[in-house]
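Heads up: the structure comes next, in structure tokens.
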Amino acid sequence: MDWDALAQRRLRPPFRPKLKSKREAANFDAEFTKEEPVLTPVPHDVVRAINQEEFRGFSFVNKDFNPAPAADKPAQA
Numbered sequence: 001m002d003w004d005a006l007a008q009r010r011l012r013p014p015f016r017p018k019l020k021s022k023r024e025a026a027n028f029d030a031e032f033t034k035e036e037p038v039l040t041p042v043p044h045d046v047v048r049a050i051n052q053e054e055f056r057g058f059s060f061v062n063k064d065f066n067p068a069p070a071a072d073k074p075a076q077a
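First residue of the sequence shown? That's 1 in the UniProt record's numbering, and the numbers climb one at a time after it.
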């Protein structure tokens, strides 16, 4: 396998599904497409450790995100 050619998209795939739109999921089994999506919760300490500069310019704010409690407020158990 020529991985460099693959990365540069120079290799022709053995099969290319025909799509009606970019969002079509006809090539995935209904077992998966009928499942209700569930988000995996991420521990708050992991989220707080993420450099927020990486999100500069984004306008979405997750209403469920609860940043670290203020130092003057006691933490709730």
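Glycine included, each C-beta is placed from N, C-alpha and C at the ideal position.
Shorter than 9 Å from the beta carbon of residue i to some beta carbon of chain B?
i	result
Asn51	Protein chain content of the structure displayed is limited to a single chain, and chain B is not contained in it.
Nearest to residue i by CA position, among the options, is which residue?
i	options	result
Pro14	Pro43, Leu6 and Lys20	Leu6
His44	Asn62, Ser21 and Ala25	Asn62
Asp64	Val47, Arg56 and Asn51	Val47
Specify the secondary structure class of residue i as computed by DSSP and reduced to three states.
i	result
Glu35	coil
Gln52	helix
residue 119	The first residue shown for the chain is 1 and the last is 77, placing residue 119 beyond what the model contains.
Ala30	helix
Near residue i, which residues of its chain fall below 6 Å by C-beta distance, leaving aside the five closest residues on each side in sequence?
i	result
Asn27	Pro17
Short of 8 Å in beta carbon distance, which residues of its chain neighbour residue i, apart from the five on each side in sequence? Order them along the chain.
i	result
Leu11	Asp2 and Ala5
Thr33	Ala25
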